[in-house]
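Line by line, the protein sequences are chains A and B. Counting in this note's numbering, the first sequence runs from 88 upward without gaps. Counting in this note's numbering, the second sequence runs from 88 upward without gaps. Glycine is no exception: its CB is placed at the ideal position from the N, C-alpha and C atoms. Let me begin by presenting the structure, written as structure tokens, before commenting on it.
Number of protein chains: 2
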Amino acid sequence: MKIYFAGSIRGGRQDAGLYEQIIQYLKTFGEVLTEHVGDPSLTSAGDDGPNDQFIHDRDLEWLQSSDVIVAEVTAVSMGVGYEVGRAVEMGKPVLCLFREGTSSNLSAMIAGCSDVELIYYSEFEELRKPLQQYLFSFNASK
Amino acid sequence: MKIYFAGSIRGGRQDAGLYEQIIQYLKTFGEVLTEHVGDPSLTSAGDDGPNDQFIHDRDLEWLQSSDVIVAEVTAVSMGVGYEVGRAVEMGKPVLCLFREGTSSNLSAMIAGCSDVELIYYSEFEELRKPLQQYLFSFNASK
Chain A
88 MKIYFAGSIR
98 GGRQDAGLYE
108 QIIQYLKTFG
118 EVLTEHVGDP
128 SLTSAGDDGP
138 NDQFIHDRDL
148 EWLQSSDVIV
158 AEVTAVSMGV
168 GYEVGRAVEM
178 GKPVLCLFRE
188 GTSSNLSAMI
198 AGCSDVELIY
208 YSEFEELRKP
218 LQQYLFSFNA
228 SK
Chain B
88 MKIYFAGSIR
98 GGRQDAGLYE
108 QIIQYLKTFG
118 EVLTEHVGDP
128 SLTSAGDDGP
138 NDQFIHDRDL
148 EWLQSSDVIV
158 AEVTAVSMGV
168 GYEVGRAVEM
178 GKPVLCLFRE
188 GTSSNLSAMI
198 AGCSDVELIY
208 YSEFEELRKP
218 LQQYLFSFNA
228 SK
């Protein structure tokens, strides 16, 4: 199973450590194409490629080749929104994770999208079970 | 011509006045479906509908029926990213406007997308000419 993990880069790296935890856990279920999103050395300058077109086209190719998209949507990010939008329009399965108790206000375009599965949580440990259930059920239905 | 204007709502309303200026100008070229995005009384609570699914489905219907999307992408917004992503994947023409000289760092998914037309500017007055050119050339090619 190829998993596209989406998290904020230029929108802000305050959740990079959490992304890394989620990515390490996702790797027990399949290949995570976007492992660099959890890299603590990647800053909000977002220089994870030689230029923006390279980054966009590489990420889009990964998105197209993925079986499932998992997006952490707490930190507000234009790029994560874009990836979720393209994936939904492609008909790909999308799971969004939103952490409650922050000042972040989840977009109605995510919270109100019936094509997106949405998990509300407070800390990483709460994600293990629902992530496992989602990815197992998804794998079984393939 | 039906124009879908996208701007930040729950991501933050600091640019609401600017959105209103852009919308008023866009109205000289066609119908702006999302005029409420510039409404100064709309706060970042984003309660521009009875619930999130209503807001999402209404906005998506407008997006689908629009001829062109104009998105102000300076204020970081998950919803604007989502709308641009869906529109690009639908094959719709998308024009993004990014204001330089703020602390905002434009996403590589917007800046590096060759299917998006991107205008950098500093203040509203600079937008008149390029917006007119874009919308006229687009209308002429229909």
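Listed by chain order, chain B residues near residue i by CB distance under 7 Å
{"i": "His-123 of chain A", "result": "By Cβ distance, chain B contributes nothing, its closest Cβ being about 12 Å from His-123 of chain A, past 7 Å."}
{"i": "Gln-140 of chain A", "result": "Gly-199, Ser-201"}
{"i": "Val-163 of chain A", "result": "Gly-98, Val-163, Ser-164, Met-165"}
{"i": "Ser-131 of chain A", "result": "Asn-192"}
Start-to-end residues for the alpha helix (DSSP H) that takes in residue i
{"i": "Ala-195 of chain A", "result": "195-198"}
Unbroken beta strand (DSSP E) run spanning residue i, endpoints
{"i": "Val-203 of chain A", "result": "203-208"}
{"i": "Phe-185 of chain A", "result": "181-186"}
Closer than 9 Å at the beta carbon, the chain A residues around residue i
{"i": "Val-160 of chain B", "result": "Met-165"}
Residues that residue i contacts on chain B, provided the C-beta gap is smaller than 9 Å
{"i": "Ser-128 of chain A", "result": "By Cβ distance, chain B contributes nothing, its closest Cβ being about 17 Å from Ser-128 of chain A, past 9 Å."}
{"i": "Asp-154 of chain A", "result": "Chain B residues near Asp-154 of chain A: none, gap ~18 Å exceeds 9 Å."}
{"i": "Asp-102 of chain A", "result": "Ordered by position in chain B, no residue passes the 9 Å Cβ test against Asp-102 of chain A, which lies about 14 Å from the chain."}
Bridge partner(s) assigned by DSSP for residue i
{"i": "Lys-89 of chain B", "result": "B:Glu-118"}
CB contact check: residue i to chain C, cutoff 8 Å
{"i": "Glu-122 of chain A", "result": "Of the protein chains in this structure, namely A and B, none is chain C."}
In chain order, what residues of the stretch 185-218 of chain B put their CB closer than 8 Å to some CB of chain A? Asn-192, Leu-193, Ser-194, Ala-195, Met-196, Ile-197, Ala-198, Gly-199, Cys-200, Ser-201
Residues within the stretch 166-178 of chain A neighbouring chain B, beta-carbon criterion of under 7 Å: Gly-166, Val-167, Gly-168, Tyr-169, Glu-170, Val-171, Gly-172, Arg-173, Val-175, Glu-176, Met-177
Residue ranges of each beta strand (DSSP E) within the stretch 92-167 of chain A, 3 or longer: 155-159
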